[in-house]
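Visitor: Have a look at this one.
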Amino acid sequence: MQGSANLNLMIKAARRAGKSLVKDFREVENLQVSTKGPGDFVSKADREAERIIKEDLMGARPTYGWLGEETGGTDGQDPTRRWIVDPLDGTTNFLHGMPHWAISIALEHKGEIVSAVVFDAAKDEMFWAEKGSGAWMNDRRLRVSGRRHLHEAVFATGVPFGAKKTLPAMLGDLARLMPACAGVRRWGAASLDLAYVAAGRFDGYWERELQAWDIAAGLLLVKEAGGMVAPIREGYDILEKGALLCANDPLFEPLKKIIRDE
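Rendered as structure tokens:
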């Protein structure tokens, strides 16, 4: 993999945290039958993964800011750069022994995502991108799908844990979209949904009530793979509001007409 020093640092941190999570993931099935249950164990695995990533990234770049799901946000001496990290996206899948979860790491520079890593450690798929250099999965260049018609397209979506405010809008979206397309998937890991759009596995994706760490890396993957990204409500900042849609060029406007801000 050829990339900047920061990207290589991100990939190294993701691999080290991924090794820890894969080891813990193998223990989850045994814990399903324990009296204590696996919840506490998974919380510890999540925190340990973030500790590893933070140790690697902040150890090498101590002046950068930080925003992590587990440890929150801190300003850095360098106000122009910030790491945005989800150490375990797809926690519920992990908890239930389903191998669909990922590590998401993004680097923000002056309010713009410039480097991104989404690591599916269970499948050893490393999705990565840098602004202006394309999107990749391991050593393969990624492009969004070439499908042009809704009736042949498969889309992804999600309902974040505890989401109630936007559930009626989501159900309305599904009622309008599902009769018009080939299918909708809800797999429970926003970073991987976006990575799969970049890889052409999904033709588009939309979701509401997300956090910046859920989507920061995935957004750059989609853009660098040739996809189109927009907030569900015009003029809103995607990372701040956490409501977005994306697709390839031919499907973007048809999807946008169906996914309404309600």
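Start counting the sequence shown at 18; every next residue gets the next number (the numbering used here). Note that beta-carbon positions come from the ideal geometry of N, C-alpha and C, so glycine has one too. Source: prediction; values computed, not measured.
Is Ala-247 closer than 8 angstroms to Lys-274 when the C-beta atoms are compared?
Guide: No; because the gap between Cβ atoms is not below 8 angstroms, this pair is not in contact.
Visitor: Does the stretch 105-124 come close enough to the stretch 202-222 to have 3 or more Cβ pairs within less than 8 angstroms?
Guide: Yes, the stretch 105-124 touches the stretch 202-222.
Visitor: If you reduce the DSSP assignment to three classes, tell me which class Val-161 lands in.
Guide: In the structure shown, Val-161 sits in coil (DSSP, three-state: anything other than H, G, I, E or B).
Visitor: Run the CB neighbour count on Pro-96, radius 10 Å, all protein chains shown included, and call it buried at 16 or more, exposed below.
Guide: Exposed, because fewer than 16 other Cβ atoms sit within 10 Å of the Cβ of Pro-96.
Visitor: Any idea what DSSP makes of Leu-105, helix, strand or coil?
Guide: Residue state, collapsed to three classes: strand.
Visitor: Would you mind sorting Met-195 into buried or exposed? The rule is 16 or more other CB atoms within 10 Å of its CB.
Guide: Counting Cβ neighbours within 10 Å, Met-195 comes out exposed, since fewer than 16 surround it.
Visitor: Kindly list the residues whose CB is nearer than 6 angstroms to the CB of Ser-121, restricted to its own chain and excluding five residues on each side of it in sequence; keep chain order.
Guide: Excluding sequence neighbours, Ser-121 sits near Asp-103, Asp-106, Val-135, Ser-208 and Ala-234.
Visitor: Any chance the stretch 59-67 sits against the stretch 31-40, with 3 or more Cβ pairs inside 8 angstroms?
Guide: Enough Cβ pairs lie closer than 8 angstroms, so yes.
Visitor: Determine whether the beta carbon atoms of Val-39 and Ala-133 lie at a separation below 8 angstroms.
Guide: Result no, Cβ atoms of Val-39 and Ala-133 do not sit closer than 8 angstroms.
Visitor: Near Ala-146, what residues of its chain come up, given a Cβ to Cβ distance below 6 angstroms and the 5 sequence neighbours on each side ignored?
Guide: Once the five neighbours on either side are set aside, the close Cβ partners of Ala-146 are Ala-133, Ala-152, Leu-237, Leu-238 and Glu-241.
Visitor: Would Val-201 pass as a contact of Gly-244 if the rule is Cβ separation under 8 angstroms?
Guide: Cβ distance not < 8 angstroms, so Val-201 and Gly-244 don't count as in contact.
Visitor: Once DSSP output is grouped into helix, strand and coil, what is the label at Val-50?
Guide: In this prediction, Val-50 has a pLDDT of 45, which is less than 50 and means its spatial position is unreliable; nothing more can be read from the coordinates.
Visitor: Between which residues of its own chain and Asp-231 is the CB-CB distance below 8 angstroms, once the five residues before and five after are set aside?
Guide: Closer than 8 angstroms at the Cβ level, and outside the excluded window around Asp-231, lie Asp-103, Asp-106, Ser-121, Pro-177, Ala-207, Ser-208 and Gly-259.
Visitor: Confirm, please, whether the CB-CB distance from Ala-173 to Asp-210 is below 8 angstroms.
Guide: Taking 8 angstroms as the Cβ cut-off, Asp-210 and Ala-173 qualify as a contacting pair.
Visitor: Roughly how many angstroms separate the alpha carbons of Gly-217 and Ile-249, rounded to a whole number?
Guide: The straight-line gap from Cα to Cα measures roughly 21 angstroms.
Visitor: Please state the DSSP three-state secondary structure of Trp-223.
Guide: Strand at Trp-223.
Visitor: Distance check for Thr-183 and Val-171, CA to CA, integer angstroms please.
Guide: When rounded, the distance between both Cα atoms is 22 angstroms.
Visitor: Is the beta carbon of Ala-30 closer than 8 angstroms to that of Ile-69?
Guide: Yes, Cβ-Cβ distance for Ile-69 and Ala-30 is below 8 angstroms.
Visitor: Kindly indicate which three-state DSSP category Arg-193 falls into: helix, strand or coil?
Guide: Three-state result, Arg-193: helix.
Visitor: So what does DSSP say about Val-135, is it helix, strand or coil?
Guide: Val-135 falls in the strand class under three-state DSSP.
Visitor: By the three-class DSSP mapping on this structure, what secondary structure does Pro-267 have?
Guide: If DSSP states are grouped into helix, strand and coil, Pro-267 belongs with the helices.
Visitor: Might you give, ordered along the chain, the residues of its own chain that have their beta carbon closer than 6 angstroms to the beta carbon of Trp-83, omitting 5 neighbours on each side?
Guide: The answer, listed in chain order, is Thr-91 and Trp-100.
Visitor: Check for me: the alpha helix (DSSP H) holding Ser-208 runs from which residue to which?
Guide: Note, Ser-208: alpha helix (DSSP H), 207-215.
Visitor: Could you spell out where the beta strand (DSSP E) holding Ala-247 opens and where it closes?
Guide: Per DSSP, Ala-247 belongs to the beta strand (DSSP E) from 245-248.
Visitor: Starting from Ile-120 and walking both ways along the beta strand (DSSP E), at which residues does that stretch end?
Guide: Per DSSP, Ile-120 belongs to the beta strand (DSSP E) from 119-126.
Visitor: Which one of Gly-76, Ala-192, Arg-98 and Arg-165 has the shortest CA to CA distance from Leu-26?
Guide: Leu-26 has its Cα closest to that of Gly-76, out of Gly-76, Ala-192, Arg-98 and Arg-165.
Visitor: Where do the N-terminal and C-terminal ends of the beta strand (DSSP E) with Trp-230 fall, by residue?
Guide: Counting along the chain, Trp-230 falls outside any beta strand (DSSP E), though it belongs to the alpha helix (DSSP H) covering 229-241.
Visitor: Note down the Cα distance separating Glu-142 from Pro-271, rounded to an integer number of angstroms.
Guide: Answer to the nearest angstrom: the Cα atoms are 30 angstroms apart.
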